[in-house]
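Start counting the sequence shown at 6; every next residue gets the next number (the working numbering). Just below is one structure, and these are the notes that go with it.
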Amino acid sequence: MPRSITDIAIVRDTPTVTVDDPISAALEILATTKLPAVPVLKADGRYHGIFGEREFIAALFPGYLDQMTSMRFLTHTLDETIDRRAGCIAESVGSHANTEHVEVDVDAGDAQLAEVFLHHRVLLVPVLEHGHVVGVVTRSAFFRELAARVVDRAS
C-alpha cells in the first residue's frame, strides 16, 4: 500500500509560537521559513490555532475592510496604514490567531486533509497527537504530491 500523502507531505519539528508571543515573533518565523503560517500553542503546550499571512493582514488593516465590496473611495496609502498600525506587531498572536478547527489528528486520512483544505481558507493544516502539534502539512505540498499521483496514474 502506498504511503499516504499526509505522511509524505508532513513537516515535523515545526516552529511554533504561543498565544502570548507578540506578532513580531510569528513574523520572524514566517520570514525565515517557507511556511505560510505557524501553529499557535496555549501556555500548556496544547494547540490553540494558527497565525499566518492572512491573520497578519487582518491585524494590520482595519476590521471593516473584509466587509467592503470596493475600496476605490479610500484615499489612504498603504504607508499611512502601516504608520497607523505598525504597533500591531506588539499585540499578542493569540488575539489574532485563526482558531477554527483546521487541525487533523496524526492518524487522519488524506481525504480528511483534503476536506480541510477545500472547506477552510488555510494554507497550512497542523497535525496533532493528543492535542500537541507534531507537524504541519502545507496546501502546496499536499497539492504537489496529489497532482503527481494523479499524473502517474493517468500515464
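Positions of the beta carbon are idealized from the N, C-alpha and C atoms, including for glycine. Every value quoted in this text rests on a predicted model; they were computed, and no experiment measured them.
| task | Just confirm the distance between the C-beta atoms of Val132 and Ile13, as a whole number of angstroms; I'd bet it's less than 8 Å. | result | Looking up residue 132 in the sequence shown gives position 127. Looking up residue 13 in the sequence shown gives position 8. At roughly 12 Å, the Cβ-Cβ gap does not stay under 8 Å, so Val132 and Ile13 are not in contact.
| message | At the level of alpha carbons, what is the spacing between Ile94 and Arg144? | response | Your numbering for residue 94 matches position 89 in the sequence shown. Your numbering for residue 144 matches position 139 in the sequence shown. C-alpha separation (whole angstroms): 26 Å.
| field | Burial state of Leu35 (16 or more Cβ within 10 Å) | value | If you number the sequence shown from 1, residue 35 lands on position 30. Buried.
| said: Looking at the secondary structure, which residues open and close the alpha helix (DSSP H) in which Glu120 lies? | reply: In the sequence shown, the residue the question calls residue 120 occupies position 115. Segment Asp115 to His124, the alpha helix (DSSP H) holding Glu120.
| Beta bridge counterpart(s) of Ala42 as assigned by DSSP | Your numbering for residue 42 matches position 37 in the sequence shown. Answer by DSSP bridge pairing, in chain order: Gly57.
| request: Starting from the Cα of Leu129, find the closest Cα among Glu108, Gln117, Gly99 and Thr23 and give me that residue. | output: Position 124 of the sequence shown, counted from the first residue, corresponds to residue 129. When each option's Cα is compared against that of Leu129, the closest is Glu108.
| Inter-residue CB distance, Ala31 and Val98 (contact presumed, cutoff 8 Å) | Stepping through the sequence shown from its first residue, residue 31 is reached at position 26. Stepping through the sequence shown from its first residue, residue 98 is reached at position 93. Yes, Ala31 and Val98 are in contact; Cβ-Cβ is about 5 Å, under 8 Å.
| task | Within its chain, find whatever has a CB closer than 7 Å to the CB of Ala152; leave out the 5 residues flanking it on each side and keep chain order. | result | Here residue 152 refers to the residue found at position 147 when the sequence shown is read from its first residue. Excluding sequence neighbours, Ala152 sits near nothing in its chain.
| task | Determine the burial state of Ala64: buried for a count of at least 16 other Cβ atoms within 10 Å of its Cβ, exposed for fewer. | result | As a first step, residue 64 must be located in the sequence shown, where it is residue number 59. Result: buried.
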